[in-house]
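Enquirer: The UniProt record's numbering applies: residue 1 is where the sequence shown begins, and numbers increase by one. A virtual CB, placed ideally from N, CA and C, is assigned to each residue, including glycine. I am attaching a structure below and will ask some questions about it afterwards.
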Amino acid sequence: MHSTLVRIQNVFGFFTTVAFCLAILVALSVVSFPQSPSASLQLRNVQVVKGRPHYYSTKREEYAHVKFDLDMDLTSFFNWNTKQVFVYVKASYPSSSPSDPPSQAIIWDAIIPGVAAPWHHNQYVPPSSKPSGGKKSKSKPPQQPLTTTPGLLKLDNQRPKYQITDASGQLAERANATLELGWNIQPWVGLLSWSNWGGLATVKEIDGGRTEPFDFPDVVGQVKKEELKTEVGGEGNRGKPA
Numbered sequence: 001m002h003s004t005l006v007r008i009q010n011v012f013g014f015f016t017t018v019a020f021c022l023a024i025l026v027a028l029s030v031v032s033f034p035q036s037p038s039a040s041l042q043l044r045n046v047q048v049v050k051g052r053p054h055y056y057s058t059k060r061e062e063y064a065h066v067k068f069d070l071d072m073d074l075t076s077f078f079n080w081n082t083k084q085v086f087v088y089v090k091a092s093y094p095s096s097s098p099s100d101p102p103s104q105a106i107i108w109d110a111i112i113p114g115v116a117a118p119w120h121h122n123q124y125v126p127p128s129s130k131p132s133g134g135k136k137s138k139s140k141p142p143q144q145p146l147t148t149t150p151g152l153l154k155l156d157n158q159r160p161k162y163q164i165t166d167a168s169g170q171l172a173e174r175a176n177a178t179l180e181l182g183w184n185i186q187p188w189v190g191l192l193s194w195s196n197w198g199g200l201a202t203v204k205e206i207d208g209g210r211t212e213p214f215d216f217p218d219v220v221g222q223v224k225k226e227e228l229k230t231e232v233g234g235e236g237n238r239g240k241p242a
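Structural data, given as structure tokens:
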């Protein structure tokens, strides 16, 4: 340590070593927090209609519009190392070819932040329970919801964010479809964990996160546009890069 440069290198090396060891301890500390999620996912309604993928297309495809009820408790996912949890509902159904694996499509998703997570425009904002009345105020950016128990969510007759379509363009009368709840836990430090890791010792496999099998109905004729609306949600950055 006969020069300033050597001293800076030694201090920086010691700092990075301590920070790396501390990060490992933080990542391993979540093992002491057993995770026991619970949920109740029920199919409410499903409709299959025909439409065009975009304005200039002459091809007409079949689209499925699925509504559902969801009552979930993921509070055990949130600890001092949880930044946010990405939650989604996906539909699984057999492919048009028996030799292909089942098709999967996400119909709804949300980002649920931890208590200490900074506000982000893509995170989920629960719908307001206050009825809208009077004059509309000037548009303001969504504010961070005040909650001390992240992970609790109840949705009734929830509209999808995304409609389902298939590569074959046909969905009507497709049998043995299911809805399934999934998630991705994003920590401050450590590995991402997914819902298909339910066999791990610290993650209890969720009960009620899958619906009973159902069949897509036949294509309906005239349907009101109100019945086929998708959920925009409270995300202020929907459809834009994060």
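How many Å lie between residue 74 and residue 56 at the Cα?
Expert: 43 angstroms
Enquirer: Is the separation between the beta-carbon of residue 161 and that of residue 227 shorter than 8 angstroms?
Expert: no
Enquirer: Measure the Cβ-Cβ separation of residue 216 and residue 174 and say whether it is below 8 angstroms.
Expert: yes
Enquirer: Can you find the residues in the same chain that come closer than 6 angstroms, C-beta to C-beta, to residue 188, ignoring five residues on each side of it along the sequence?
Expert: 81 and 83
Enquirer: Which residue's Cα is closest to the Cα of residue 150: 167, 221 and 78?
Expert: 78
Enquirer: Hey, would you say residue 165 sits closer than 8 angstroms to residue 43, going by beta carbons?
Expert: No, they are not a contact pair.
Enquirer: Is the segment 177 to 192 in contact with the segment 83 to 97, if contact means three or more CB pairs nearer than 8 angstroms?
Expert: yes
Enquirer: Restricting to Cα atoms, I'd like to know which of 8, 225 and 87 is closest to residue 185.
Expert: 87
Enquirer: Figure out for me which residue from 40, 30, 49 and 124 has the closest Cα to the Cα of residue 169.
Expert: 49
Enquirer: Leaving aside the five residues before and after residue 25 along the sequence, list all residues of the same chain whose C-beta is less than 8 angstroms from its C-beta, in chain order.
Expert: none
Enquirer: What residues in its chain sit with their C-beta under 8 angstroms from that of residue 76, if we drop five residues either side in the sequence?
Expert: Cβ neighbours of residue 76 beyond the five flanking positions: 33, 34, 35, 36, 37 and 151.
Enquirer: Rounded to a whole number of angstroms, what is the C-alpha to C-alpha distance between residue 154 and residue 41?
Expert: 10 angstroms
Enquirer: Nearest-angstrom Cα distance between residue 157 and residue 193?
Expert: 29 angstroms
Enquirer: What is the DSSP secondary structure of residue 7, counted as helix, strand or coil?
Expert: helix
Enquirer: Can you tell me the Cα-Cα spacing of residue 67 and residue 106, whole angstroms?
Expert: 13 angstroms
Enquirer: In angstroms, rounded to a whole number, what distance separates the CA positions of residue 31 and residue 23?
Expert: Their Cα atoms are separated by approximately 14 angstroms.
Enquirer: Which residue from 47, 53 and 16 puts its Cα closest to that of residue 64?
Expert: 47
Enquirer: Could you work out which residue in 5, 112, 163 and 214 is closest to residue 53 when comparing CA atoms only?
Expert: 163
Enquirer: Taking a contact to mean a Cβ-Cβ separation below 8 angstroms, would you say residue 209 touches residue 39 in this structure?
Expert: For residue 209 and residue 39, yes; Cβs fall inside 8 angstroms.
Enquirer: Taking the alpha carbon of residue 60 as the point to measure from, which residue in 225, 219 and 229 has its own alpha carbon closest?
Expert: Ranking 225, 219 and 229 by Cα distance to residue 60 puts 219 first.
Enquirer: Among 6, 13, 103 and 70, which has the Cα closest to the Cα of residue 171?
Expert: Residue nearest to residue 171 within the set 6, 13, 103 and 70 is 103 (criterion: CA-CA distance).
Enquirer: Pick helix, strand or coil for residue 64, following the three-state DSSP scheme.
Expert: Judged by DSSP in its simplified three-state form, residue 64 adopts strand.
Enquirer: Do you know how far the Cα of residue 7 is from the Cα of residue 124?
Expert: In this structure, the CA atom of residue 124 is about 47 angstroms from the CA atom of residue 7.
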